[in-house]
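Numbering (full-length UniProt numbering), first residue to last: 1 to 386.
As structure tokens, this is what we get:
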């Protein structure tokens with residue numbers, strides 16, 4: 001549509017509504033008090049400017065109940081029904097001026113700050129948690145069982161994201177933001193990522209876990225991680241899954257060759273960390289043949305064909321082959337589809353993301369790559385033997 005792909009993407013995003021983000025945002029804007037079905041549907045209906053049919057509510061509920069950032073509670077008394085009034089619709093028809101509403105709503109919030117919870121909730125001590133597995137039913141069944149007694153509460157991270165401009169924030173300011181409903185973004189995304197990874201210790205975090213925690217877009221998160229890795233703050237590790245750890249915990253994943261030297265163990269490295277070129281070329285040849293036999297296979301699938309190599313090392317070989325122009329590496333991205341589609345998501349091939357999971361990383365041979373590789377291998381073998 002446009003010569004510049006960035007312009008095309010911006011135009012598409014202008015007309016695309018992320019209904020999942022809107023749902024989480026509306027729940028988070030209601031703070032620790034939470035939100036019930038009736039008010040949530042009214043808020044989402046207002047944001048999307050469309051009527052929510054039973055089919056759409058069912059689709060939205062399936063997303064909500066599977067979201068790890070949402071908790072569910074049962075109240076001792078049903079939530080009050082609240083109407084949404086748009087001040088811009090209250091207009092003097094004769095003069096066209098905005099008018100004050102005839103009635104002022106004083107709610108539905110009460111100022112009841114909860115210690116160490118960064119929020120206000122009048123039913124905090126009375127409400128009871130509802131196990132998520134008991135709610136994994138059709139929306140109509142859940143509504144018949146719980147009705148307006150059920151309240152949904154977003155995680156602290158999501159409430160911060162929707163309401164707080166700076167971290168940390170006082171309980172009073174947080175409660176005021178909930179009442180006013182201001183939406184601002186957390187500015188220091190990089191420090192949030194570093195703190196989350198560092199707090200995970202030597203186990204680190206996967207790209208998916210980081211995305212769920214930060215809520216960042218794939219491309220933005222990849223850019224942030226690349227910057228942090230270039231600055232030697234985080235390191236990619238993991239033998240059979242792709243993880244990032246803080247530099248202070250990286251020694252757990254490495255092999256010490258000297259008092260001050262650590263390496264990633266690999267079949268083509270000797271105990272001093274030096275490359276054994278013949279073994280390296282043999283591994284390249286073996287992997288290249290499998291890629292040619294099974295084009296479009298994932299790193300995980302290719303690794304299962306071998307017994308003595310980790311997915312981390314196999315990824316290194318594939319990226320080396322890509323730099324030489326023999327293969328192309330792509331990733332599978334699952335994207336949201338149109339709101340009214342029967343499908344929940346659609347998969348597409350995107351540029352290689354070095355932090356993506358191995359099962360979502362695919363390798364394709366380039367044209368005439370096997371012939372070119374064989375020629376290059378023979379030349380390199382002659383050089384090594386000499």
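Where is the CB? At the ideal position from N, CA and C, for every residue including glycine.
In the DSSP assignment, residue 279 falls within the unbroken alpha helix (DSSP H) covering 277 to 293. Within the model, the alpha-carbon separation for residue 381 versus residue 361 is close to 30 Å. Going by DSSP, residue 248 is part of no alpha helix (DSSP H) at all; its letter is neither H nor E.
Its chain contains 162 as the residues whose beta carbon lies nearer than 6 Å to that of residue 25, once the 5 sequence neighbours on both sides are disregarded; these appear in chain order. Rounded to whole angstroms, the separation of the alpha carbons of residue 66 and residue 34 is 17 Å.
With 16 or more neighbouring CB atoms inside 10 Å of its own CB, residue 205 falls in the buried class.
If only uninterrupted alpha helix (DSSP H) runs of at least 4 residues are considered, those enclosed by the segment 48 to 90 are 54 to 66.
In the three-state reduction of the DSSP assignment, residue 349 falls in the strand class. Nearest C-alpha to residue 102 among 90, 112, 111: 90. Under the DSSP definition of a beta bridge, residue 330 partners with 351, 362. The continuous stretches of alpha helix (DSSP H) do not include residue 262, which lies in the beta strand (DSSP E) extending over residues 261 to 263.
Annotated as proximal: residue 357 and residue 241, with beta-carbon spacing under 8 Å.
Shown here for residue 225: same chain residues with a beta carbon closer than 6 Å to its own, the five before and five after excluded, namely 355 in chain order.
For residue 296, the closest alpha carbon among the candidates 159, 359, 256 is that of 359. In this structure, residue 27 places its C-beta atom within 8 Å of the C-beta atom of residue 40. Beta-bridge partners assigned by DSSP to residue 256: 262.
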